[in-house]
Every structure is written in structure tokens, then in C-alpha cells.
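Chains A and B supply the protein sequences, listed in that same order.
In terms of the working numbering, the first sequence is residues -13 to 349.
In terms of the working numbering, the second sequence is residues -13 to 349.
Glycine included, every Cβ here is placed at the ideal spot set by N, Cα and C.
For clarity, every value in this text was computed on a predicted model and none was experimentally measured.
Notes to accompany the following structure.
There are 2 protein chains.
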Amino acid sequence: MNTMEVLKDSFDNTDYQLAGHGPRNVKVLKQAFQEIDDEVKSDIYGTGAAINDFEDKMASFLGKEKAVFFPSGTMAQQIALRIWTDVKGSPKVAYHPLSHLEIHEEDGLKKLHGIETVLLTDKDSVIQLEDVKSMPADVACVLLELPQREIGGQLPDFETLTAISQYCRKKDIRLHLDGARILETLPYYQKSVGEICSLFDSVYISMYKGIGGIAGAVLAGDDDFIKNSKVWKKRHGGDLISLYPYIFTADYYFELRKDKMADYYEAAKELAAKYNSCTGIATLPEIPVSNMFHVHIDRPREQAAEMLAGVQRESGIGLSGYVREIDQGNCYFEVSLGDAYSDVPKEKIDTAFHLLDEKMKGE
Amino acid sequence: MNTMEVLKDSFDNTDYQLAGHGPRNVKVLKQAFQEIDDEVKSDIYGTGAAINDFEDKMASFLGKEKAVFFPSGTMAQQIALRIWTDVKGSPKVAYHPLSHLEIHEEDGLKKLHGIETVLLTDKDSVIQLEDVKSMPADVACVLLELPQREIGGQLPDFETLTAISQYCRKKDIRLHLDGARILETLPYYQKSVGEICSLFDSVYISMYKGIGGIAGAVLAGDDDFIKNSKVWKKRHGGDLISLYPYIFTADYYFELRKDKMADYYEAAKELAAKYNSCTGIATLPEIPVSNMFHVHIDRPREQAAEMLAGVQRESGIGLSGYVREIDQGNCYFEVSLGDAYSDVPKEKIDTAFHLLDEKMKGE
């Protein structure tokens, strides 16, 4: 095994993990289906109670006219942007340079839809009103990702969101919410999800981040937008004969976790403070504004991996299964808090962080 | 309820159905997962034993180098054709005028990939060598659908397939198999699936037709083709974090049904003969060449629907939940044989067909 495999292996063999909702295994599916009757009918190509009831529920929850269930957020968001560029008759959309669509989708937006992208702000910042004001006039749609995942889940303040929304409405620019983790921002904003979504023309929410379902996404907006998105869903190959394995699990974990986001947020702040108390380690942001943050380690990647593996083997506490290089002397990993954290004995956490600090000091 | 709803309702309330594998309900999922351990790990974005083991198994079964699991056939086939048009540097593909891609996918192939289509032969025929020989020289890829679903599942003879394959190889034209129902053709061709697939550069097979899984598709071909198709899978939004609910069910029902295709074929021939014995009813083809056929009724759609609803209510035997208009005086429905047929008491089937014939004579 190389160092990174050793790190992964040490993580997989810990008794407790600090982040997440527990392992992604078959139990996740079985637990959600335990109480569902054998005779309950499948959805059929986007029709039937199995899909439409959940779509209606999510539309109402998000404060939008209609919603549609998608197999993935990648598909949902490309389609949202395609619709808005067609409406405006301009192929330009604007978003953060580290948007999922820009760095994780093999350029599907450009290769499938011919959409051109305008990158707002620098990669270490969140988007401000000034960034939106200074973009080219023919941008059809602005996408805001809340929280901005690739920089540790940072957030603009709510006044900025409101100002961007007002500006876009005045200028006839559509505003789309990449709200993969939108529920995770509510405790910080102290707003309802409806209050946030009302600032946007269209909204996407993931079913397997904070909610912890198996896969899938919901896209919401007005009636015309959703009708149109169903046509594109078929074009993309996303209008499956049966999506119910994802829908019933999404619904189950949505009910289980939608009201626990404040717990995850508090846990994130607590855990970030523990990391920040260690020599040569800092979280981004320093004080989390959602359930997530990044842990920056002032060590080369290989060295950090060996050290983390050591802490995990000695403490039985899982911090991370990987580290990514920032530059030759620094690396980081991501932490998203979920159900797992509250199961970990506090004294074991303290032991792990004591070990981590010792190792950072010693090297 | 209007007449079509009455028909659907009468079908849903029958004791037995002649076609299919039984209801598409939650039991289909639960049965497949019954023996799978809670601790079995999910696939993660196309990696892990949960997906890779089944892909390897299907590649080997189909006689291809590699295979990839897709959420849908729509996605898999658009991608196959996109890859072959890129390889050739020509945006043209040729297929049957009633290909799934031409009539059921909202023109995804054209709208997402800018592919131009050449329609081979007339819509009532299967594609012959002459059709392929007479198409424009710059066609990058020919798609053959076996069996040709929209005309009752007709098939060209195996010599025609071989001749088309040889011609395409000579002319540097790629040949793609829309093999959604390819297993269902093996008893007629008396060939192995490998023998058929060896004629094609790429092959798609559905996991929920004859196999009867929940959803999903497998695309197979050489190593380069599959590597490339995984990139496009991500672009389409098909590289889900977890596809295992579809994969494990596909595998379960594949093992359960792959060797039962001859039974379904024999049942189809038997059932078609019963339809053909009724006044004013004929199947297409007259003698099925797979597990499927169409039932043509020499009556206007509304009248046929009322009559079928009557037969279903009186006999408790489900023939069809719908009828589609051909012209003002004729209509049809599709029949695909599966596990359900062998559960139906023979005397009840005879009663139903006696009733059907009586009603056709009486009206």
C-alpha cells in the first residue's frame, strides 16, 4: 500500500468517524424501505404517486410552484441553465470559478449545451454584488452556490443575497440556486428555506448531502420551467422508468434529518475549534457557517497522511480517509458533519486531538 | 372515467395478466435485496465492487472487452452514437424510422449532440443490407434494433445481420446494437449472445425488459470506447454517487431470467396463435420471433377498449391496459411475455379468448 492507501485503510478501520452519517452501504436502502409495503407501486416515467407526491411536497417545502425529481444534480443544474439561456436567447451563464459545473462535470454544460461561462470573483472568495454588477450585460443566468463548497462552505451574508437577487430581477437576469446543501445553511442565516428560495428563479437541492439519501436531486421553479425541465430530463436520459429506490429513501432521510441541521452546525463549530487548537492546523472558514469546513494542515501531503493514519490507528477515531495537496508544503481535507458525530464518546475525541497536536508539534 | 381509464381500471383489477413479470412494485426491489447483507458497500461514482463486478460480468457475457452500467438506455445509446460520430468526424448516424432515439427521446440525440439522422427503410420493414448500401457515404454509425420493437419485435435473418456487419467493417462504418431486448431474440436465432454481439462494435442491453430489473442499462465495447463513454456518462449527469439499487436488482433478475427466454418465446407463439384465432384480430408478426408481438384489432379504438374492458371484467384475465389508434378503424396493443404467463390457469385463458372472439363476432 502507498501512503494514501494506508491513510484510507486506517480510516476504514476506525471504530468511530467524526464526519458524515455513517457508511454508505446497503443498510441505508433497507432501513428506508423497512416500513414500505410490498404492494406500493413504482413510479412510471415520471408519473404516479411514488414520484409526484414527493415532488409536490418538495415544491411546497421550497416555496416554489412545481418541482421535479432528478437522478442527479449534475443533470438538474445543466438543464436549469440551459432553460434560462434559451429564455434569454444568450448562451452565457455566470458562476463561481470553483462551481461544480466548472470543475467536476467534464464540461457537460459546454459540450452538451454549448453554454459559455463567465467566472465571477477569484477562487478564494464568495460572490459579491460588485462581481455580478461587473459581468457582461448579456449573461442569461447567475448561479450561486450556497454554501460555496470548494472553499470550505463559506457564505455571503443574507443582505448580499437580497441585493444580488434585486439586481438580477431589475436587469432581467435569471438567478439559480445551487442549493445542494441549502438546508445546511439555514441555522446560520436564521431564515426559512422558503425565504432563501424566494430570492431565486430556480432551485436545486441534493438528496444525499446533509439529507443523506442514496442519490438524486430536486429541481424547483415555476410551472413553465418545470414542464420544460421534464422535456430536457428525457433528453438527458434521466426520465427513468422507475426512480422510486431513490425517491423513497430521499423522503425517509429528509424526514429524519431536515430538522437536525442546527445540530450539525453546532457540531461543526465545536469540531473546527478542536482542529484550530492543534499546532499548524487551521480550518476554512475558521468558524463554520454551515455543517462543513476544510481542514488545512501545514505539512506536505505525504507527511500529513502518515500522521493522520497514525492518529487514526492509535485513537480508533476517523478524521479523514484522504488528504489533497494545496502546494508543496500544505494540504487539506473536507469535513461535513452529520449523524455520526454525536455517537462518538467525547473523551475519545479529546484523545485523538491530543495525539494530533502532539504529532504536529513533534514533526 | 373515460373509456381508456375504464380499460386501465379493468386491467388493474384482473386476477391474472398474460404479459410481463407481474406488477412493478416495491416487492421487486425488496425481493432482490433480501439476501444481500446490510454491510455490503455502495458503489461510489462508478467505482467499487458493487458496480465494477457486474460490469465485468456483463462484458464477459456479451463477449466485449469492457462494459459500463448506465441509469438508462436513452443515455447509453446517445453516448455510443456520439462517440462513433466523433471517431469518424461526421455527425451522421443511420437507423430505423421507428428507433427509440427517433420517436421516444424528445430528440436528445439532435439537441444535445448535434447528430443528424438518416432513416433507413420504411417504417413497416426491418433493415436489409440494401438499405445500408444505399445510405450516404459519410454515415459514421448504423444502429440496428433487435428485435424491432415498434413493429411487433420483427427480426432480420442472421445472414442479413452478418452481411450488414461485413459491409460496415469494409466501409469503416461503426455498427451499434440497440439490444434492449437482445436476450429475447436468442431462442429464434439459435445463437449465443456473444455470436450476435461479435457482429457489432458496441452493444446496449436493457436491465428491465426481459430481465425485469428496476431500471438501468449496460453498454459494452472495447476499452477505449468504454473509457470514453464514462466521460460522457459524467457529462450527462449519469455518473451517480450510487447506482447499486439498480445494479443489485439487475444482477438478481438477470440470474433469475436469463435462461428463461426460450420459455417466453414459446409462450409468445402460443398466445399469438390464440389472438389470431379470434375474428378480426391479427398479431404482428403472425408468428412471433421473440417474446413479443403486437395485437391488431379491426375496430375503432374506443370500441376495442370497451370490448377488452368487458373481457377483462368477465374473465378476470388481463390482456391489456391500453389500446393505441392505428387509423380510424383499427388499433393495437403490445404484448411482451414474461414470468406472469405460466401462472395463469389454462382454462381461464381459453375462457377469456372465447369471450373475446364472441364479442368480436357480435359487434
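C-beta contact flag for residue i and residue j at 9 Å
i, j, result
"residue 190 of chain A", "residue 164 of chain A", "yes"
"residue 196 of chain B", "residue 322 of chain B", "yes"
"residue 340 of chain B", "residue 318 of chain B", "no"
"residue 74 of chain B", "residue 103 of chain B", "no"
"residue 305 of chain B", "residue 298 of chain B", "yes"
"residue 287 of chain B", "residue 310 of chain B", "yes"
"residue 338 of chain B", "residue -8 of chain B", "no"
"residue -1 of chain B", "residue 28 of chain A", "no"
"residue 222 of chain A", "residue 222 of chain B", "yes"
"residue 147 of chain A", "residue 200 of chain A", "no"
"residue 346 of chain A", "residue 206 of chain A", "no"
"residue 174 of chain A", "residue 276 of chain A", "yes"
"residue 30 of chain B", "residue 227 of chain B", "yes"
Nearest-angstrom Cα separation, counted from residue j out to residue i
i, j, result
"residue -6 of chain A", "residue 336 of chain A", "22 Å"
"residue 167 of chain B", "residue 16 of chain B", "24 Å"
"residue 202 of chain B", "residue 51 of chain A", "30 Å"
"residue 94 of chain B", "residue 35 of chain B", "31 Å"
"residue 192 of chain A", "residue 324 of chain A", "15 Å"
"residue 234 of chain B", "residue 264 of chain A", "44 Å"
"residue 26 of chain B", "residue 59 of chain B", "26 Å"
"residue 8 of chain B", "residue 180 of chain A", "42 Å"
"residue 114 of chain A", "residue 144 of chain A", "11 Å"
"residue 72 of chain A", "residue 160 of chain B", "34 Å"
"residue 327 of chain B", "residue 3 of chain B", "7 Å"
"residue 150 of chain B", "residue 334 of chain B", "45 Å"
"residue 89 of chain B", "residue 296 of chain A", "59 Å"
"residue 176 of chain B", "residue 169 of chain B", "11 Å"
"residue 254 of chain A", "residue 343 of chain A", "19 Å"
"residue -12 of chain B", "residue 320 of chain B", "21 Å"
"residue 186 of chain B", "residue 130 of chain B", "9 Å"
"residue -3 of chain B", "residue 303 of chain B", "8 Å"
"residue 262 of chain A", "residue 271 of chain A", "11 Å"
"residue 218 of chain B", "residue 91 of chain A", "9 Å"
"residue 268 of chain B", "residue 257 of chain B", "12 Å"
Element boundaries [beta strand (DSSP E), containing residue i]
i, result
"residue 147 of chain A", "Here residue 147 of chain A belongs to no beta strand (DSSP E); instead the alpha helix (DSSP H) covers 144 to 156."
"residue 130 of chain A", "125 to 131"
"residue 269 of chain B", "267 to 270"
"residue 350 of chain A", "The structure shown does not extend to residue 350 of chain A, since chain A is modelled only from -13 through 349, so no value can be given for it."
"residue 92 of chain B", "Looking at the DSSP string, residue 92 of chain B is not in any beta strand (DSSP E), and its letter there is neither H nor E."
"residue 117 of chain A", "Segment 115 to 119 is the alpha helix (DSSP H) holding residue 117 of chain A; no beta strand (DSSP E) there."
"residue 350 of chain A", "There is no way to answer for residue 350 of chain A, as the model of chain A reaches only from -13 to 349."
"residue 79 of chain A", "78 to 81"
"residue 41 of chain B", "Unbroken run through residue 41 of chain B is the alpha helix (DSSP H), 35 to 48; no beta strand (DSSP E)."
"residue 281 of chain B", "278 to 283"
Limits of the unbroken alpha helix (DSSP H) element including residue i
i, result
"residue 372 of chain B", "Chain B is shown from -13 up to 349; residue 372 of chain B falls before or after that span and cannot be answered."
"residue 211 of chain B", "209 to 222"
"residue 183 of chain B", "179 to 183"
"residue 418 of chain B", "With chain B running from -13 to 349 in the structure shown, residue 418 of chain B is simply not present."
"residue 175 of chain A", "172 to 175"
"residue 247 of chain B", "247 to 262"
"residue 330 of chain A", "Segment: none, residue 330 of chain A is in no alpha helix (DSSP H) and carries neither H nor E."
Nearest residue (CA-CA) to residue i, options the options
i, options, result
"residue 332 of chain A", "A/313, A/260 and A/306", "A/260"
"residue 6 of chain B", "B/211, B/264 and B/307", "B/307"
"residue 238 of chain A", "A/175, A/3 and A/21", "A/21"
"residue 99 of chain A", "A/63, A/130 and A/119", "A/63"
"residue 153 of chain A", "A/132, A/141, A/211 and A/117", "A/117"
"residue 76 of chain B", "B/10, B/157 and B/125", "B/125"
"residue 66 of chain B", "B/41, B/128, B/31 and B/119", "B/128"
"residue 252 of chain A", "A/266, A/278 and A/86", "A/278"
"residue 40 of chain B", "B/312, B/148 and B/230", "B/230"
"residue 33 of chain A", "A/220, A/200, A/105 and A/334", "A/220"
"residue 198 of chain A", "A/173, A/186, A/184 and A/232", "A/232"
"residue 266 of chain A", "A/293, A/254 and A/255", "A/293"
"residue 120 of chain B", "B/131, B/157, B/258 and B/97", "B/157"
"residue 351 of chain B", "B/-11, B/14, B/141 and B/289", "This structure cannot speak to residue 351 of chain B, because chain B is shown only from -13 to 349."
"residue 216 of chain B", "B/69, B/1, B/14 and B/-10", "B/69"
"residue 178 of chain A", "A/1, A/18, A/-10 and A/49", "A/49"
Review point. If we count Cβ pairs, one from each stretch, closer than 8 Å, do we get three or more for the region 50 to 68 of chain A versus the region 104 to 113 of chain A?
Key: The answer is no - the region 104 to 113 of chain A does not touch the region 50 to 68 of chain A, with fewer than three Cβ pairs under 8 Å.
**Study point:** Three or more C-beta pairs below 8 Å linking the region 232 to 249 of chain A and the region 233 to 249 of chain B
**Key:** no
**Study point:** Three-pair Cβ contact test at 8 Å for the region 200 to 217 of chain A versus the region 130 to 142 of chain A
**Key:** no
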